[in-house]
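Letter 146 of the sequence shown, counting from 1, is numbered 1408 in my numbering, and no numbers are missing.
All C-beta atoms, glycine included, are put in the ideal place defined by N, C-alpha and C.
Report on the following structure.
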Amino acid sequence: MAYYQNPYAPPAANQQVLNMFYAVDRDRSGQITATELREALINSNWSPFNEETCRLMISMFDRDHSGTINIQEFQQLYEYIEQWKRCFQSFDKDNSGNISPDELHQALCAFGYRLSPRFAHLLVRKFDRFGRQSMEFDCFIQACVMLKCLTDSFRMKDTQQNGTIVIRYEDFLEMVFSNAMY
1263 MAYYQNPYAP
1273 PAANQQVLNM
1283 FYAVDRDRSG
1293 QITATELREA
1303 LINSNWSPFN
1313 EETCRLMISM
1323 FDRDHSGTIN
1333 IQEFQQLYEY
1343 IEQWKRCFQS
1353 FDKDNSGNIS
1363 PDELHQALCA
1373 FGYRLSPRFA
1383 HLLVRKFDRF
1393 GRQSMEFDCF
1403 IQACVMLKCL
1413 TDSFRMKDTQ
1423 QNGTIVIRYE
1433 DFLEMVFSNA
1443 MY
């Protein structure tokens, strides 16, 4: 049975996305919180998405800064997650449902980052929730988004575009915490 037609639904909304939105919106508020989103998203090993990734994604698509997303924002988030899913699967060469340090290094190189395999290992250790020396889909999204945000902040300070910046300690902390906290 289809859910009621929401007058606030975008006209071109995919029915599958609409049904998912209504299923996730447990309190029927017309808004989805990070907690509701977390309850709906799972990794390939059936573990729920981590809370930090859900808060990050809500903050990225929450246009009115309400701390929630409406149906239009959810549709954009859904498409964003689907794009990340295809990306994740393309680098998960062994189809394990996880990204190893080597697979992450290949992904980072494909994204245009010139980072060492050692750095890829560090990222995997940072985002490995289960001690398997790999990261699940949700952590892959979080790590890549945080890396992009930090890189963008770095580039703003790298006026000569040579990969080197000189900043005060407090400026460094502001750069990290303004990007890493959602």
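How would you write the range of the alpha helix (DSSP H) that residue i sits in, first residue to last?
{"i": "Y1340", "result": "1333-1353"}
{"i": "L1409", "result": "1399-1419"}
{"i": "L1385", "result": "1379-1389"}
{"i": "V1279", "result": "1277-1286"}
{"i": "D1364", "result": "1363-1372"}
Strictly by DSSP, which residues pair up with residue i?
{"i": "P1310", "result": "I1304"}
{"i": "I1429", "result": "None, per the DSSP bridge assignment."}
{"i": "M1320", "result": "The displayed chain sequence assigns Ile, not Met, to residue 1320. Note: I1320 sits in no beta bridge, so no partner."}
Output needed for residue i: all residues of its chain with C-beta closer than 6 Å, excluding positions within five of it in sequence on either side, in chain order.
{"i": "F1402", "result": "F1350, I1361"}
{"i": "T1295", "result": "T1330"}
{"i": "L1299", "result": "C1316"}
So residue i and residue j are in contact, right, with Cβ under 8 Å, and what is the actual spacing, rounded?
{"i": "V1386", "j": "L1409", "result": "About 12 Å separates the two Cβ atoms, so there is no contact after all."}
{"i": "D1400", "j": "N1307", "result": "Incorrect: roughly 11 Å between the Cβ atoms, too far for contact."}
By Cβ distance, which residues of its chain are closer than 8 Å to residue i, with the 5 residues on each side in sequence left out?
{"i": "P1379", "result": "P1363, D1364, H1367"}
{"i": "R1325", "result": "E1335"}
Quick check on DSSP: helix, strand or coil for residue i?
{"i": "S1358", "result": "coil"}
{"i": "Y1270", "result": "Because the pLDDT at Y1270 is just 48, under 50, the model does not fix this residue reliably, and the value given afterwards should be weighed accordingly. Coil, per DSSP."}
Once the 5 residues before and after residue i are set aside, which same chain residues still bring their CB inside 7 Å of it?
{"i": "F1411", "result": "Here the sequence assigns Cys to residue 1411, which means Phe is not the residue at that position. Cβ within range, chain order: N1441."}
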